[in-house]
Structure formats: C-alpha cells, structure tokens
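In my numbering, the protein residues as written are 376 to 514. Ideal Cβ positions, reconstructed from N, Cα and C, are used throughout, including at glycine.
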C-alpha cells in the first residue's frame with residue numbers, strides 16, 4: 376500500500392481488515408441487520424477504550440481536505456492521538472458501531488466498495504498530514 380508507506384513518516388498506522396459476512400442477494404431487512412450486527416461485533420472487538428473513533432457513514436458530516444486536516448490536528452493537540460477510522464461493509468455499519476463512534480465522517484452520499492474507500496481515506500489522511508506540516512501537495 377503506497378499511502379501506508381508514505382504515512383509511516385508521520386504516524387504509526389495499522390490496517391485491520393475484518394472479514395465481511397456473506398449476504399444472499401435477496402436477503403430480508405431483518406437478515407441484513409443480523410449481518411451488520413455480526414460485522415459490528417467483530418469491528419468493535421478491535422477498538423481500544425481510549426481510541427477516538429471516526430466511522431465512515433453516508434449520514435456523516437462531509438469535510439473538505441483542509442477541514443479534515445484541522446480535525447486531525449485538533450485531536451492530536453487535545454491528547455487524542457489514537458485515531459481509528461472504520462469503513463463498513465456493503466450493508467453499512469451496525470447501530471452499535473455508530474453509537475461507539477465519536478465522529479461520523481462522510482465522503483459522499485454514494486456507496487463505494489470498501490477497498491476503494493480505504494485508498495481514498497488513506498490518501499486524505501496523508502493529505503491532512505502534508506497540510507498540517509505545511510508541505511506541498513496537489514490541490
């Protein structure tokens with residue numbers, strides 16, 4: 376991962392991938408909720424108590440790159456240096472995960488594959504560190 380390598384200059388980064396549950400094509404809403412709950416429990420098992428959790432969610436707040444950089448910088452200054460970003464599966468995130476999140480972030484009202492979203496997120500985090508360190512980066 377190119378951005379993971381680039382980010383190592385600014386922060387310690389760990390990527391944990393939680394396996395998706397298999398979802399039948401025509402699953403009921405209730406079945407989909409069960410799947411989100413199972414995935415949510417797996418996600419929550421990786422969270423540390425002191426972590427500041429940012430969940431990517433369609434209903435979250437959309438930020439510019441500069442606003443995200445400011446948010447990351449303010450969190451660091453206030454002593455919240457252990458940030459966890461959560462990207463949900465194709466069904467989204469469980470209510471339990473959304474409740475645990477300290478902040479809901481949205482990149483778009485559209486749905487993206489989580490592998491693509493990971494690259495976009497890593498790029499934006501990298502861009503944030505470049506902005507916060509007054510280093511040039513393409514606009």
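Span separating the alpha-carbon of residue i from that of residue j
i	j	result
residue 421	residue 464	16 angstroms
residue 444	residue 494	17 angstroms
residue 449	residue 478	13 angstroms
residue 475	residue 430	9 angstroms
residue 403	residue 419	24 angstroms
residue 393	residue 508	32 angstroms
residue 492	residue 401	25 angstroms
residue 469	residue 447	24 angstroms
residue 428	residue 488	20 angstroms
residue 388	residue 473	22 angstroms
Residue from the options with nearest C-alpha to residue i
i	options	result
residue 391	439, 490, 507 and 512	490
residue 432	494, 480 and 452	480
residue 460	402, 414, 426 and 381	426
residue 503	416, 451, 470 and 473	451
residue 485	512, 454, 471 and 434	434
Cutoff 7 angstroms; reference residue i; Cβ partners in own chain excluding five residues on either side
i	result
residue 499	440 and 443
residue 385	504
residue 423	457
residue 455	427
Sequence-distant residues of its chain with Cβ nearer than 6 angstroms to residue i (five each side left out)
i	result
residue 501	378, 381 and 382
residue 512	502 and 505
Cβ-based neighbour list, residue i, same chain, cut-off 8 angstroms, excluding 5 preceding and 5 following
i	result
residue 466	398, 407, 410, 411 and 414
residue 496	431, 460, 462 and 482
residue 417	393 and 394
### Query
Taking one C-beta from the stretch 434-441 and one from the stretch 381-401 each time, how about it: are there three or more such pairs within less than 8 angstroms?
Too few Cβ pairs lie closer than 8 angstroms, so no.
### Task
Entirely within the stretch 479-509 and at least 4 residues each: give me those alpha helix (DSSP H) ranges in chain order.
Counting only runs of 4 or more, we get 489-507.
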